[in-house]
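The sequence shown begins at 12 in our numbering and counts up by one. Using N, Cα and C, we set each Cβ at its ideal position, and we do this for glycine too. Just so you know, these numbers come straight off a predicted model, no measurement behind them. Here's the structure, in structure tokens; my notes come after.
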Amino acid sequence: MTKEAMQRITIPDIVEMKAAGKKITMLTAYDFLMAELLDDAELDMILVGDSLAMVVQGRDTTLPVTLDQMIYHAEMVGRAVKHALVVVDMPFLSFNLGIEKTLESAGRVLKETACQAVKLEAGPEQAETIQALTSVGIPVMAHVGLRPQSVLAMGRYRVQRDKAQLIATAKAAESSGAFSIVLECIPVEIAEEITSAVSVPTIGIGSGPGCDGQVLVTHDVLGLFDGFKPRFVKHFSEMRQQSLQGLKSYCREVREGIFPDDEHSFR
Ligand code: KIV
């Protein structure tokens with residue numbers, strides 16, 4: 012089937028995949044080309060993650076990325092994607108300064124990009140915020156467990172083991188209207204328990220195989236990012252090495268006068 016003929020995946024489609032026992036696939040994109048590539052690979056969901064602060068901007072944490080920068084990237088991704096459901100991260104502090112500001116910020120994401128939902132890092136205190144967003148029709152994916160936006164308070168990225176609090180937070184997100192919940196860095200058994208306790212799909216990252224779907228950073232999956240490699244990251248190709256070889260070949264051929272040859276020149 013051509014991409015044009017394929018229907019857009021909707022929020023109800025994602026929710027129904029859990030009931031149907033179909034695993035959900037999700038990866039990150041931050042620009043048009045990568046988003047098109049992911050859509051061609053038939054991902055179910057694409058995330059414009061605030062990880063772009065680290066992957067694209069070269070920052071140490073996700074904290075510095077602004078709402079305007081998220082919207083700039085989300086606009087490119089939204090324009091490229093025809094099939095997958097596109098979710099945009101709400102950056103640090105864009106959903107903590109009162110309900111009115113949060114509605115305005117999340118509203119901007121949906122109005123200024125062709126994306127379909129927002130994601131926010133949720134503790135128990137975010138239930139009211141999720142409720143306010145979903146009540147005006149803004150679909151919300153909650154992000155429970157390790158919350159990278161709290162890294163300064165945590166000291167470092169850690170596996171989250173407070174079972175009672177994790178389950179309560181996931182349930183609060185569900186009852187506030189979240190259509191899906193990312194579970195980051197949660198031990199396998201707890202992630203399985205959360206997945207059984209909620210009716211909306213859980214999307215795991217570093218939370219084992221029992222989640223309803225999986226998400227990773229695309230640059231990690233493709234082996235493009237060679238910085239920090241957490242235990243849960245698997246390289247499905249080695250694009251950094253392959254790209255380096257190609258780039259070195261280009262330099263060598265230019266330096267030795269091999270490129271451009273007749274085939275790549277005009278007469
Ligand atoms: O920002 C991000 O990329 C995320 C992940 C869940 C991959 O939040």
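What number of angstroms, rounded off, separates the C-alpha of ILE82 from the C-alpha of THR140?
Taken atom to atom, the span from the alpha-carbon of ILE82 to that of THR140 is near 20 Å.
Would you call the CB atoms of LEU96 and ILE57 closer than 9 Å?
yes
Is ILE23 near the ligand KIV - that is, is its Cβ less than 8 Å away from at least one heavy atom of it?
Residue 23 is actually Pro in this sequence, not Ile. PRO23 Cβ: outside cutoff for every heavy atom of the ligand KIV.
Please tell me whether, using a cut-off of 8 Å, the distance from the CB of VAL97 to the nearest non-hydrogen atom of the ligand KIV is below it.
no
Which residue wins for smallest C-alpha separation from VAL226, given the options THR36, MET17, ALA184 and SER146?
THR36
Roughly how many whole angstroms lie between the Cα atoms of SER207 and LYS34?
14 Å
Report the partner residues of ASP100 according to the DSSP bridge assignment.
LYS130
Within 10 angstroms of its Cβ, does GLU200 collect 16 or more other Cβ (buried), or is it exposed?
exposed
Taking contact to mean 3 or more Cβ pairs, one atom from each stretch, closer than 8 Å, check whether the segment 60–75 and the segment 16–24 are in contact.
no
So does the segment 133–147 actually touch the segment 173–188, counting three or more Cβ pairs closer than 8 Å?
yes
Can you tell me the Cα-Cα spacing of GLN256 and ALA40, whole angstroms?
Straight-line Cα distance between these residues: approximately 24 Å.
Please tell me whether, using a cut-off of 8 Å, the distance from the CB of VAL88 to the nearest non-hydrogen atom of the ligand KIV is below it.
The answer is no for VAL88.
Check each candidate in ARG167, ASP71 and GLY221 and name the one with the smallest Cα separation from VAL193.
GLY221
Based on DSSP bridge pairs, tell me the residues matched to SER191.
MET152
From SER210 to LEU258, what does the alpha carbon distance come to, in whole angstroms?
Using only the alpha carbons, I get a separation of about 48 Å.
Tell me the rounded alpha-carbon separation between VAL265 and GLN253.
19 Å
Would the beta-carbon of CYS196 fall within 9 Å of that of GLY156?
yes
Per DSSP, which residues does GLN225 bridge with? Please list them.
THR36 and GLY215
Less than 8 Å separating the Cβ of PRO241 from some heavy atom of the ligand KIV?
no
Is the separation between the beta-carbon of ILE205 and that of LEU177 shorter than 9 Å?
Going by C-beta atoms, ILE205 is nearer than 9 Å to LEU177.
Is there at least one non-hydrogen atom of the ligand KIV closer than 8 Å to the beta-carbon of SER62?
Yes.
On a Cα-Cα basis, can you pick out the residue from LEU233, ASP273 and CYS262 that is closest to SER248?
Taking only the C-alpha atoms, the option nearest SER248 is LEU233.
For ASP61, count neighbouring C-beta atoms within 10 Å of its own C-beta (all shown protein chains included) and say buried if the count is 16 or more, exposed if not.
buried
Once DSSP output is grouped into helix, strand and coil, what is the label at LEU233?
coil
Could you tell me which whole alpha helix (DSSP H) segments of length 4 or greater appear in the segment 16–89?
22–30, 43–51 and 63–66
Compute every distance between the C-beta of LEU74 and the non-hydrogen atoms of the ligand GDP, then say whether any falls below 8 Å.
With respect to the ligand GDP, the structure offers nothing, as its ligand set consists of the ligand KIV.
Is LYS130 close to the ligand KIV? I mean its beta-carbon at under 8 Å from any heavy atom of the ligand.
Yes.
Consider the C-beta atom of LEU48 and the heavy atoms of the ligand KIV; say whether any pair is separated by less than 8 Å.
no
Along the chain, where does the alpha helix (DSSP H) that runs through ILE205 open and close?
199–208
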